[in-house]
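>
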Amino acid sequence: MVGSYGEKRVLNIVVIGTGMYATGRGTSGYGTVLPAISEWQRDNDHRSEVVFVGTNGKHSEASKQKSEQLAIDTGVKLNVSFVPDGNVIDRNTYKQVLKEIPRPACAIVVVPDHLHYQVASDCIMEDLPLLVVKPLTPTIAEGVELVNLADDRSLYGAVEFHKRWDKANLMMRDKIQSGQLGDLLYCWVEYSQRKSMPTEIFKEWTEKTSILQYLGIHYIDIMRFCTGATPKRVMAVGQKRWLPTQGLNAYDSIQCIVEWKMKEGYQFTQTILTNWIDPETSSAMSDQKIKMVGTKGRFESDHKERGIRINLDNSCVEQPNPDYCMDY
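Residue numbering for the sequence shown follows full-length UniProt numbering, beginning at 1 and increasing consecutively.
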């Protein structure tokens, strides 16, 4: 962003959340949000202040170390801070930061699903435009309320559905919207993650979400994005077998069927198969595939098979996604 005389403008950022997705804490990577802000800084050379807000000072320190290492790896320096610090544990630290961050500023909400409504509401009430990681909220009522709150204050708000930028999904969208697949008949999706996701990484809030709400929602959004269709009817069933043996009252897997109606009036169905109990030896954290079938053809995409396999001593075969927050 450049002013009328070429001066660099400032857009300060509050990131609420310091976990795996925000900073890569607890993993070998840097998460998604921190690298994205780093690339934004590289491309624009902003003099902006970035504040990551968590609830635990020890977690803040771990995230700070991630930020420092990322700066070394990329050569991009961020004016970034992490709160709370020390041994402080405070779930309301973010509220003070929202009030004190110099304007203009925006907020990125990266907290567990069940906290989205409250945290996003607080951002809106402080007149901060915001980006919320998916899903927006666990319930329709909460989602509608957030939209109304933002509209009342003329604030911009968005949900971070990053799969809309996946090259394979963009290609599928082009094939659908150009009519090359004909009238759509059905879509099949399989999406799963390793057991460590619900039992270690998200253990504190696994019981407050589901694999469909947390992960499968991506491909419900992709269907809307690619087709413009409207969901008219939905059915889902699930199984609780393994996670309850780990002390977690949560579904191992959920199978969902969504009936969509196109603007032209006809309907097609989408079947979504999800689980988060894949073996830890799986070659990727996420195993995902999609097939779209129409009257004139089909589109198939395997999002784990990206053409790369890495096999090293003392480790399992890995199939990384080179387009998703990889440091190389």
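Even for Gly, the Cβ is constructed at its ideal location relative to N, Cα and C.
Look up Val2 in the DSSP assignment and say whether it is helix, strand or coil.
Low confidence applies here, because Val2 scores a pLDDT of 33, under 50, leaving its location unreliable; read the following figure in that light. Val2: strand per DSSP, three-state reduction.
> Counting C-beta neighbours from all protein chains within 10 Å, is the total for Ala250 16 or more, i.e. buried, or is it exposed?
buried
> State whether the segment 179-194 contacts the segment 285-293, with contact taken as three or more CB pairs (one from each stretch) at a distance under 8 angstroms.
yes
> Can you tell me the Cα-Cα spacing of Phe225 and Asp183, whole angstroms?
16 angstroms
> Measuring alpha carbon to alpha carbon, tell me which of Asn92, Glu142, Gln246 ends up nearest His114.
Selected option, being the one with the closest Cα: Glu142.
> Please state whether DSSP places Cys325 in a helix, a strand or coil.
Looking at Cys325 - three-state DSSP - the assignment turns out to be coil, as it is neither helix nor strand.
> Taking Pro231 as part of the beta strand (DSSP E), name the residues at either end of that continuous run.
230-239
> Give the straight-line distance between the Cα atoms of Gly17 and Val110, rounded to the nearest whole angstrom.
Using only the alpha carbons, I get a separation of about 5 angstroms.
> Name the one or two DSSP bridge partners that Met292 has.
Cys187, Phe299
> Using a 10 Å radius around the Cβ and a threshold of 16 neighbouring Cβ atoms, would you call Leu312 buried or exposed?
exposed
> From the DSSP secondary-structure annotation, give me the bridge partner or partners of Val159.
Per DSSP, Val132.
> How would you write the range of the beta strand (DSSP E) that Ala284 sits in, first residue to last?
Neither: Ala284 is in no beta strand (DSSP E) and is coded neither H nor E.
> Quick check: the Cα distance between Lys263 and Ile222, rounded to an integer number of angstroms?
16 angstroms
> So does the segment 62-80 actually touch the segment 91-100, counting three or more Cβ pairs closer than 8 angstroms?
Between the segment 62-80 and the segment 91-100, the count of Cβ pairs shorter than 8 angstroms is below three; the stretches do not touch.
> Whose CA, out of Ile176, Met125, Ala229, Trp165, lies closest to the CA of Asp151?
When each option's Cα is compared against that of Asp151, the closest is Met125.
> Please classify Thr199 as buried or exposed, where buried requires at least 16 neighbouring CB atoms within 10 angstroms.
buried
> For Gln193, which option in Thr55, Lys167, Ser286 has the closest C-alpha, if you only look at C-alpha atoms?
Ser286
> According to DSSP, Leu273 sits in a beta bridge with which residue or residues?
Glu190, Gln255
> Could you check where the alpha helix (DSSP H) with Phe82 kicks off and where it finishes?
Segment 79-83 is the beta strand (DSSP E) holding Phe82; no alpha helix (DSSP H) there.
> Considering only their Cβ atoms, is the gap separating Gln41 from Leu78 smaller than 8 angstroms?
yes
> To the nearest whole angstrom, what separates the beta carbons of Gly54 and Asn87, a pair I think is in contact under 8 angstroms?
Actually they do not touch by this definition, with Cβ atoms about 13 angstroms apart.
> Given a threshold of 16 other Cβ atoms within 10 Å of its Cβ, counted over all protein chains shown, does Asn275 qualify as buried or as exposed?
buried
> So Leu136 and Ala107 are in contact, right, with Cβ under 8 angstroms, and what is the actual spacing, rounded?
Between Ala107 and Leu136 the Cβ distance is about 14 angstroms, and since that is not below 8 angstroms, they are no contact.
> Provide the residue span of the alpha helix (DSSP H) that contains Cys226, from first to last.
217-227
> How long is the line joining the alpha carbons of Val2 and Ala105, rounded to whole angstroms?
Caution is warranted here: a pLDDT of 33 is assigned to Val2, below 50, making its placement in the model unreliable, and the coordinate value is therefore given only provisionally. Their backbone Cα atoms lie some 16 angstroms apart in a straight line.
> Does DSSP put residue 399 in a helix, in a strand, or in coil?
Lying outside 1 to 328, the shown extent of the chain, residue 399 is not represented and no answer is given.
> If you drop the 5 nearest sequence neighbours on each side, which residues of the same chain put their C-beta closer than 6 angstroms to that of Val159?
So the qualifying residues of the chain are Val132, Lys134, Leu136.
> Taking 8 angstroms as the cut-off, decide whether the C-beta atoms of Glu280 and Ser196 are in contact.
With respect to Ser196, Glu280 sits close: the two C-beta atoms are nearer than 8 angstroms.
> What span of residues does the beta strand (DSSP E) with Ala105 cover, start to end?
Run containing Ala105: 105-109, per the beta strand (DSSP E) assignment.
> Note the first and the last residue of the continuous beta strand (DSSP E) segment covering Ile37.
Element bounds for Ile37: not the beta strand (DSSP E) but the alpha helix (DSSP H), 33-44.
> Taking contact to mean at least 3 C-beta pairs separated by less than 8 angstroms, is the segment 232-251 in contact with the segment 165-180?
As far as the Cβ criterion goes, the segment 232-251 does not touch the segment 165-180, which means the pair count is below three.
> What residue range is occupied by the uninterrupted beta strand (DSSP E) comprising Asn56?
Where Asn56 is concerned, there is no enclosing beta strand (DSSP E), given that its DSSP letter is neither H nor E.
> Taking DSSP's pairing of strands, which residues face Trp260 in a bridge?
Pro231, Phe268
> Could you give the residue range of the beta strand (DSSP E) that holds Val15?
For Val15, the uninterrupted beta strand (DSSP E) segment begins and ends at 12-16.
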